[in-house]
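Its first residue numbered 1, the sequence shown is counted upward by one per residue in UniProt numbering. Working notes, structure below.
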Amino acid sequence: MAIFTRARTATSSGTLAIIVLVLAFGNQAYTEWAARHAQGDNTWDLFLRTLAWPAWAFSGKDVLAHDLRALLLIIFVAAIIGVAANGVTAGAGAFFLGWFAVILGAALAAMLTAFLTRDASLYSAILAAANAAAYGLIVGWIVGIATSAGRKAAG
1 MAIFTRARTA TSSGTLAIIV LVLAFGNQAY TEWAARHAQG DNTWDLFLRT
51 LAWPAWAFSG KDVLAHDLRA LLLIIFVAAI IGVAANGVTA GAGAFFLGWF
101 AVILGAALAA MLTAFLTRDA SLYSAILAAA NAAAYGLIVG WIVGIATSAG
151 RKAAG
């Protein structure tokens, strides 16, 4: 029974982290702010711009695709962590699981929703998946820390 509790805690911690990231940094106010103010050629500005990738809004072009992409990102990350959480130990294993879940979940969400945009093509879907994987690489460590902390808390 303790195995299921640990997996559930790791999954909920990682899912909560990605929900917070998407809601806090994917909203229209933050994405517009990042587009105006985080344009330097340094690591911090790159991080701030990348945080805005799962942009969601209530209006604009391709709004359905972007909103669905943000929702699928949360769903895929939760599913990947949930499926694999029992197979990893606390610490580094849970950290890398959370990080990998964001890389893969973002790439899958971007590839699937790229076909809903006006300029849909296989090339644009693969390019969207590559950009999304970069989001996971740069931001996914936050979910990795949350997943690892959740795994340790239940252990």
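All residues carry an ideal CB built from backbone N, CA and C; glycine is no exception. Computed from a predicted structure; not experimentally measured.
Can you round the beta-carbon distance between residue i and residue j to whole angstroms, since I take them to be within the 8 Å contact cut?
i      : j      : result
GLY136 : VAL102 : 4 Å
PHE143 : GLY98  : The sequence as given places Val at residue 143; Phe does not occur at that position. Indeed they touch by this definition, with Cβ atoms about 4 Å apart.
ARG36  : PRO54  : Incorrect: roughly 19 Å between the Cβ atoms, too far for contact.
ALA109 : ALA132 : 7 Å
ILE81  : ALA10  : 6 Å
ALA29  : ALA52  : That belief does not hold up - the Cβ atoms of ALA29 and ALA52 are roughly 10 Å apart, past 8 Å.
VAL22  : LEU73  : 6 Å
ARG118 : ASP41  : About 31 Å; that fails the 8 Å criterion.
Given residue i, which residues of its chain have a CB within under 8 Å of its CB, disregarding the five upstream and five downstream residues?
i      : result
ASP45  : ALA38, GLN39
ALA120 : ALA114
LEU16  : ALA146
ALA107 : ALA129, ALA130, ALA132, ALA133, GLY136
ALA24  : TYR30
Roughly how many whole angstroms lie between the Cα atoms of residue i and residue j?
i      : j      : result
LEU112 : GLY140 : 20 Å
ASP67  : THR43  : 27 Å
LEU64  : LEU116 : 8 Å
LEU122 : ALA128 : 10 Å
PHE95  : PHE58  : 33 Å
THR89  : ARG49  : 33 Å
My output table needs one value for residue i: the three-state DSSP class, helix, strand or coil.
i      : result
GLN39  : coil
ASN131 : helix
ALA90  : coil
SER12  : helix
ALA106 : helix
GLY26  : coil
ALA120 : coil
PHE95  : helix
Spatial neighbours of residue i within its chain, please: CB distance less than 6 Å, with the 5 preceding and 5 following residues excluded, ordered by chain position.
i     : result
VAL77 : ILE18, ALA101, VAL102, GLY105
GLY14 : ILE81, GLY98, VAL143, ALA146, THR147
THR31 : ALA52, ALA55
GLY26 : PRO54, ALA55, TRP56, ALA70
Suppose the cutoff is 7 Å on Cβ atoms and the five residues either side in sequence are ignored; what does the same chain contact list for residue i look like?
i      : result
ALA125 : MET111, ALA114, PHE115
PHE47  : ILE138
Curious, which full-length beta strand (DSSP E) runs of at least 3 residues does the stretch 44-85 contain?
-> List check, beta strand (DSSP E) in window: nothing returned.
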